[in-house]
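Quick notes on the structure that follows.
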Amino acid sequence: MAYEIGDIKDFNVSKEIRHNVDLPMFIQYRLAATQARTGSTPIKSHHDMSDNERRINQVKGLTEINSAMRQIIDGTASRVKRKSKKRWEKQNSSLDNDDDEWEKDETTDYFKLKELKSFLKFAHEQMRIADETTSLEDDFSIEADIDGKKVVKLTDNYYNMLEDLEDAHEVLDDIMSRCGIDSMGMHEDEELTYKEQELAFIEAVKEA
């Protein structure tokens, strides 16, 4: 099939639209990950925070990471589903399968994406329970009285959840890469200031 100049123009416009929709989602994840690791927020660096404020923001960053990844999944699920189905049909062209059977294949990116979304829902529920219950065993931070001062300390639950979320992001990033959906050259860099990140975002959009 031959493509006319108008077809190519429409394709490029569509690609640019997707670029401008996807990029903020990936940047939002990066900012959330920075907050969880360092405590920095878009309006205040961790260098300007007290230790207690920094640690409180780090715990909040876990929720931000979860939300950012769920947003990426929701924003790309239809594309992952379409590409996964095409890939599966090509690999199983000799089989006589019904239209829904491919979704049961645990090796497809779409199946992995749904599993990942289920994990993030579970993680979100764990964070909600920790926030709303009086038990300290499931908390991600605790207050300790040291020399008459209240000190916020991060618990093993925090570090375990951060590691689980970062592992989940590796899976998500692999899925995005295989499906041709990526961060448009935006890589995580904890040394960047938020102003630098904002400028990098603007430049990336201009170059789209």
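In this text, residue positions in the sequence shown follow the working numbering: the first is 0, and each later residue adds one.
Virtual Cβ for every residue (Gly too), placed ideally from N, Cα, C.
Cutoff 7 Å; reference Ile174; Cβ partners in own chain excluding five residues on either side: Excluding residues up to 5 positions away in sequence, Val79, Asp108, Lys111, Leu112 lie with their Cβ nearer than 7 Å to the Cβ of Ile174 in the same chain.
Ser83 - containing beta strand (DSSP E), residue span: Per DSSP, Ser83 belongs to no beta strand (DSSP E); it is in the alpha helix (DSSP H), 50–90.
Spatially closest choice to Ile42 from Asp166, Asp144, Trp87, Leu30, by CA coordinates: Across the set Asp166, Asp144, Trp87, Leu30, the C-alpha of Leu30 shows the shortest separation from the C-alpha of Ile42.
Cα-Cα separation between Gly179 and Ile141, rounded to whole angstroms: When rounded, the distance between both Cα atoms is 42 Å.
Residues that DSSP places opposite Thr40 in a beta bridge: Thr40 pairs with Lys43.
7 Å Cβ shell around Asp138 - same chain, five flanking residues per side excluded: The beta carbon of Asp138 is closer than 7 Å to those of Ala129, Thr154, Asn156 in its chain, skipping five residues each way along the sequence.
Between the CA atoms of Met160 and Ala122 - distance to the nearest angstrom: Rounded to whole angstroms, the separation of the alpha carbons of Met160 and Ala122 is 8 Å.
Range covered by the beta strand (DSSP E) that runs through Ser140: Segment 140–145, the beta strand (DSSP E) holding Ser140.
Gln125 versus Gln90 - alpha carbon distance: Distance between the alpha carbons of Gln125 and Gln90 is about 38 Å.
Residue environment, Gly38, which counts as buried when at least 16 other CB atoms sit within 10 Å: The residue in question, Gly38, is buried, as its Cβ has 16 or more Cβ neighbours within 10 Å.
Cβ neighbours of Lys82 in the same chain (closer than 6 Å, five flanking residues each side left out): These residues qualify, in order along the chain: Cys178.
Where the alpha helix (DSSP H) through Leu119 begins and ends: Per DSSP, the unbroken alpha helix (DSSP H) holding Leu119 starts and ends at 108–131.
Arg216 versus Ala167: straight-line alpha-carbon distance, rounded: The structure shown does not extend to residue 216, since the chain is modelled only from 0 to 207, so the question has no answer here.
Distance CB(Ile55)-CB(Val150) smaller than 9 Å: Going by C-beta atoms, Ile55 is not nearer than 9 Å to Val150.
Per-residue burial, Tyr158 [other beta carbons within 10 Å of its own, 16 or more giving buried]: Here Tyr158 is exposed: its Cβ has fewer than 16 other Cβ atoms, across all protein chains shown, within 10 Å.
Alpha-carbon to alpha-carbon, Thr33 and Tyr58: Reading off the sequence, residue 58 comes out as Val, not Tyr. So the two alpha carbons sit approximately 12 Å from each other.
Span separating the alpha-carbon of Leu171 from that of Gly147: As the crow flies, the alpha-carbon of Leu171 is around 45 Å from that of Gly147.
Per DSSP, cross-strand counterpart(s) of Lys148: Paired residues: Ile145.
Residue of Glu169, Arg69, Glu131 minimising C-alpha distance to Gln27: By alpha-carbon distance to Gln27, the top candidate from Glu169, Arg69, Glu131 is Arg69.
Chain-order list of residues whose beta-carbon lies under 7 Å from that of Asp104 (same chain, five-residue window excluded): Once the five neighbours on either side are set aside, the close Cβ partners of Asp104 are Trp87, Phe110.
Selected residue, minimal CA-CA separation from Pro23, among Glu100, Arg127, Thr75: Answer by Cα proximity: Thr75.
DSSP three-state assignment for Leu153, whether helix, strand or coil: Leu153 falls in the strand class under three-state DSSP.
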